[in-house]
Every structure is written in structure tokens, then in C-alpha cells.
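Note sheet for the following structure.
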Amino acid sequence: MVALGILLYMTVLGMTMVLLFVDSRLSRRQNALAVYGTTILLMAALILIYCALGIEATVRLYTPAVHLPALMLFTCLSRYRGWRLVFQFLSTVLFCTVVQHMAGLVYYLSGNRVWAMVLAYVLITPLVLWFLLRFLRPLFLQILLELRHGWWLICLVMAAYYAIVIYLIPGYVGRDLSSTVLKPAVTLLMMGFYTVLMFLFSSVRKEMEARHSAQMSALQLSALQNRMEAVRTAEESIRTERHDLRHRLQTVAELVARGEQTAALDFLNAAQKRLDEHKTTHWCRPPVLDAVFSTYFDQAQRQGVRVDAKIALPDTLPVDEGELAIVFANALENAIHACTELPEEKRELYCKVIARPGLMLEIGNPYANKVRFDEKGLPISEREDHGLGVQSISSFCQKYGAVYQFEASDGWFRLRMVL
Numbered sequence: 071m072v073a074l075g076i077l078l079y080m081t082v083l084g085m086t087m088v089l090l091f092v093d094s095r096l097s098r099r100q101n102a103l104a105v106y107g108t109t110i111l112l113m114a115a116l117i118l119i120y121c122a123l124g125i126e127a128t129v130r131l132y133t134p135a136v137h138l139p140a141l142m143l144f145t146c147l148s149r150y151r152g153w154r155l156v157f158q159f160l161s162t163v164l165f166c167t168v169v170q171h172m173a174g175l176v177y178y179l180s181g182n183r184v185w186a187m188v189l190a191y192v193l194i195t196p197l198v199l200w201f202l203l204r205f206l207r208p209l210f211l212q213i214l215l216e217l218r219h220g221w222w223l224i225c226l227v228m229a230a231y232y233a234i235v236i237y238l239i240p241g242y243v244g245r246d247l248s249s250t251v252l253k254p255a256v257t258l259l260m261m262g263f264y265t266v267l268m269f270l271f272s273s274v275r276k277e278m279e280a281r282h283s284a285q286m287s288a289l290q291l292s293a294l295q296n297r298m299e300a301v302r303t304a305e306e307s308i309r310t311e312r313h314d315l316r317h318r319l320q321t322v323a324e325l326v327a328r329g330e331q332t333a334a335l336d337f338l339n340a341a342q343k344r345l346d347e348h349k350t351t352h353w354c355r356p357p358v359l360d361a362v363f364s365t366y367f368d369q370a371q372r373q374g375v376r377v378d379a380k381i382a383l384p385d386t387l388p389v390d391e392g393e394l395a396i397v398f399a400n401a402l403e404n405a406i407h408a409c410t411e412l413p414e415e416k417r418e419l420y421c422k423v424i425a426r427p428g429l430m431l432e433i434g435n436p437y438a439n440k441v442r443f444d445e446k447g448l449p450i451s452e453r454e455d456h457g458l459g460v461q462s463i464s465s466f467c468q469k470y471g472a473v474y475q476f477e478a479s480d481g482w483f484r485l486r487m488v489l
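Going by this note's numbering, the first residue of the sequence shown is number 71, and it counts up by one from there.
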């Protein structure tokens, strides 16, 4: 009965880790129902096998009876396919094996005392789950999104470990001396490989973040350059208009002298219209933010997106102006892209920003396709190399303690942020 209890416990633990490793297409509630519903079915199947064939057969059949359904569940839930899916599954097996081997070692070293093994499971399991949830899962999910190559090589090493521990080394940790020594030793080597892998993943993430930051800096510089060019063009046009003002006044005076007031008014209105066409719109006083707003609002209008903007920002901001500009750049870029997927008559966005009593912003746009959110409330992009803008906004909010909300309702997608 102790062996059966361990198998049932490891089944629950393994399926719980599925929830931690999988980047699912479904909501959190749907994931839990799918995972723990499958867990109950697997536990019932193991009990039936135990009652019909005994514990030895149950242990031998455990791997195909549990791992294959778990892999099928991964396939159904995960939004990734191919080698990344295999890596998710093998990572789950690895950490379940770590818990089992550590508890088995405690059991063996304690002189086969069951209470010591149970205590080991009770202490080790929450530590492993905490580590996965607190440190590994955020890194893991981001790397799945950003790293596109090399997964087959990683999976090859992990598959070799899987075959060695489960099939090539006979016996069970805690019962046989050879397996108690060899299997934890191989697991320790595998954990060393996995640690190196995590350092590699961390380096890749930092490189991606640095590249994204460089792209945003380049975007910011480009926006400022475009703004300066627009200002220079407007100033040159106004200078020309000012130079011609004397001739226009003479023309208007002549028309008035002849009694042609209507023609004089039409002439003045035409001149005013030409001046308005060259007038530069300033959205706010901070220059970098003004450049970003001008660049993206102009881009939106060129793509047939109607813009409703109400912006009230002071000269002094509570956060770094460049970082806040990147937030607006990411949000407006995503909004414009979503609008371009709609018919032109439905393309519109609004941007509202106030600074009192606190810095608050809201950006909204209609959308065409269904929007899904992860467990943090962040929208999930279905396309490769997308979603970094949302991550950048989330990082900004975490850095400055801002409260944010992404919402999709009534056909509108909205970002709200309060600092």
C-alpha cells in the first residue's frame, strides 16, 4: 500500500507541475478542470491496475499509463508544438523525479523508515513547487516565446536522461543499493545541465531585453528627429507666408477699396487655411513624449485610423520621460496594428492622459480577433516575435509600482494605467 500511495502522490504532483509548466490556450479555471479531471481518471486507473495485477505490475505500467496521457494533455493545453512541447513535458518529469529520488534517499538513509520518507515528501515538495512558481516559471514562459531554435538538442539530452533513469538502470531508489546510488547521481548530473540551461535562458532573456530597449531607444530618437524635421518644415513655410504677408495685405486693401468685401474675405480665408495646414500640433510640453505622440498619431491618420486624443501632462513627470515614452510607443503601436485589421470605417483609437491627482492613462481601440489573457492579466499574442511590447509595459509598471489593467469588452481593447 505504501508503494501505491507513492505512485498516486507522484501522479498528483506531476499533474500539478503540468499547470506550472504549460503555457495554455485556456483560462486558469479551464486548465485546473482539465488537469485535475485527468488526474482523478489516472489515479482510478492505477488503483484498478493494482487491484487486478498487483503492485509490481502497477509499478512497471506506471510510466506508459501516466506519462502518455500527461503528454497528450500537454499537447491539448499548450499553445506550443514541436520540440518546445517536448521540453515542457520532460521538464515536468525531471522535477517529479528529483522529488522522488530525494525522498527515496531519505528513506534509505533512515533505515527504511516510512515516516522519514513521508516527512521528506512533505518538506521537499513545497520547496520545489515554490522554486518553480517563483523563479523558473516566469523565465520559462518568456523563453518559450522568444527562443525559436535549438530546442531539439536540449530535448535530446533530457530524453537520454529519461531513458537512463527509467529504463536502463533497474530497481528503485530507496530499495536497491545500486539504484539508490546510480539514479540520484544521474539526476544530480541532469540538474547540473538544467542549471547551466537556466543560466543560458537568463542570458538570452537579458539579450532580448537589451535588444528591445535598443530598438525603443532608436524609435525614440527617430520620433524626435521626425518631430524636429516637421517643426523645421513648418517654420520654413510660416517664414515664407510671413514674407508674402505684405503683398497679401496690399491685395486685400485694393479689394476693399473697390468694394469687393466678399472677395477680400475669401482671399483672407484661403491664406488662413494655408497657414493652418503648416501649423505644428503640440500634444504636451515634455519633448520626447510630444514627439512620440506626434509620430504615432500621424502614423495612425496615414493608415485611416481616427484619433481622439486628450492629453494633459505637466512639465515635470514623476517617472523617467524616456521610459514613459516607450510605454506610450508600445501601446499606440499595438493599437494601430489592431486597427489595421479592421475595415477602414471602424478604425479609431482614443488616448486620454491626465496628471492629477496622479498620472493616469487610458488607450482604447476596437479589435477583430478574440483576445486571450494569461494568469497575470496580460494579453497573449498568437504570433511569433510579438508580445514584447506588453512585457515592456508590465516591466515598467513593476518598476514604478504602477497599477495596470488590460481589458477586452464590448468590441474594445483598453489599457488603463495609474501611477
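Glycine included, C-beta positions come from ideal geometry on N, C-alpha and C.
In this chain, residue 353 is not harboured by any beta strand (DSSP E), its DSSP state being neither H nor E. Around the beta-carbon of residue 479, fewer than 16 other beta-carbon atoms lie within 10 Å, marking it exposed. Going by beta carbons, residue 166 and residue 80 fall inside the 7 Å limit. Classified as exposed, residue 262 has fewer than 16 neighbouring CB atoms from the shown chains inside 10 Å of its CB. By the criterion of at least three beta-carbon pairs nearer than 8 Å, the region 439-448 is in contact with the region 470-478. Taking 7 Å as the cut-off, the Cβ atoms of residue 154 and residue 222 do not count as close.
Annotation: residue 205 is outside any alpha helix (DSSP H) and is labelled neither H nor E by DSSP. Counting of Cβ neighbours within 10 angstroms places residue 356 among the buried residues, the total reaching 16 or more. Taking the C-beta atoms as reference points, residue 437 is found no nearer than 7 Å to residue 402.
Taking residue 434 as the centre and dropping the five residues before and after it, the same chain places the C-beta of 419, 420, 482, 483, 484 closer than 7 Å to its C-beta, in chain order. If one requires a minimum length of 4 residues, the alpha helix (DSSP H) runs lying completely within the region 348-436 are 357-372, 391-410, in chain order. Measuring C-alpha to C-alpha distances from residue 161 to each of 190, 204, 90 identifies 90 as the nearest.
Here residue 412 has 436, 437, 438 as same chain residues with Cβ atoms under 8 Å from its own Cβ, once five neighbours each way along the sequence are excluded. Residue environment analysis places residue 142 among the exposed positions, since fewer than 16 neighbouring C-beta atoms fall within 10 angstroms of its C-beta. 7 Å or more divides the Cβ of residue 83 from the Cβ of residue 116. Closest option to residue 210, judged by alpha-carbon separation, among 353, 174, 92: 92.
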